[in-house]
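Asker: Numbering (the numbering used here), first residue to last: 4 to 122.
For each residue, glycine too, the CB sits at the ideal point set by N, CA and C.
Remember, predicted model here, so these are calculated numbers, not experimental data.
The following block contains the structure, expressed as structure tokens.
Dropping the structure here:
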């Protein structure tokens, strides 16, 4: 299994408001024949690491899927798991957004910025 992680994302308040209130995750399958299964785990980071998002998504060939999760937290991390064969078959991007939907540049993670581990 391949594990991809955003790493810890700090989201401390600025003038009483956190920059990011929600996270949008975009998954795009590059597979031409088989579906790809991706697990998504979101963690609240404080003095402990607490799971608050847990979802498994099956993505059809050439399908794109979007999920939006709560992220009005001081710190968070998202971890994605897929079959080793599937890691090259799926593109994943993570976008922090304000309540208005405006992107937060500091909280965007695109494909080449994620940490990858094969297990």
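Could you give the C-beta distance for residue 39 and residue 85, rounded to a whole number, given that I count them as a contact under 8 Å?
Answerer: That belief holds up - the Cβ atoms of residue 39 and residue 85 are roughly 6 Å apart, short of 8 Å.
Asker: To test your reading of the DSSP string, which unbroken beta strand (DSSP E) runs of 3 or more residues are found completely within the segment 9-68?
Answerer: The qualifying runs are 25-32, 39-48 and 52-62.
Asker: Residue 90 by DSSP, collapsed to three states: which one?
Answerer: In the structure shown, residue 90 sits in a helix (DSSP, three-state: H, G or I).
Asker: Answer with buried or exposed for residue 52, where buried requires no fewer than 16 other C-beta atoms within 10 angstroms of its C-beta.
Answerer: Residue 52 should be labelled exposed.
Asker: Output yes or no for whether 8 Å exceeds the beta carbon distance between residue 92 and residue 21.
Answerer: The answer is no: Cβ separation not under 8 Å.
Asker: Return the CA-CA distance between residue 26 and residue 57, expressed in angstroms with no decimal places.
Answerer: Approximately 14 Å, taken between the alpha carbons.
Asker: Please check the pair residue 44 and residue 75, which I expect to be a contact at CB under 8 Å, by giving their CB distance rounded to whole angstroms.
Answerer: That pair is no contact at about 18 Å.
Asker: Whose C-alpha, out of 67, 62, 103 and 47, is nearest the C-alpha of residue 77?
Answerer: Comparing Cα-Cα distances from residue 77 to each of 67, 62, 103 and 47, the minimum goes to 47.
Asker: So, are the CB atoms of residue 67 and residue 111 less than 8 Å apart?
Answerer: Not in contact: residue 67 and residue 111 (Cβ atoms no closer than 8 Å).
Asker: By Cβ distance below 7 Å, which residues in the same chain neighbour residue 107 in space, the five residues on each side in sequence not counted?
Answerer: These residues qualify, in order along the chain: 22, 23, 99, 100 and 101.
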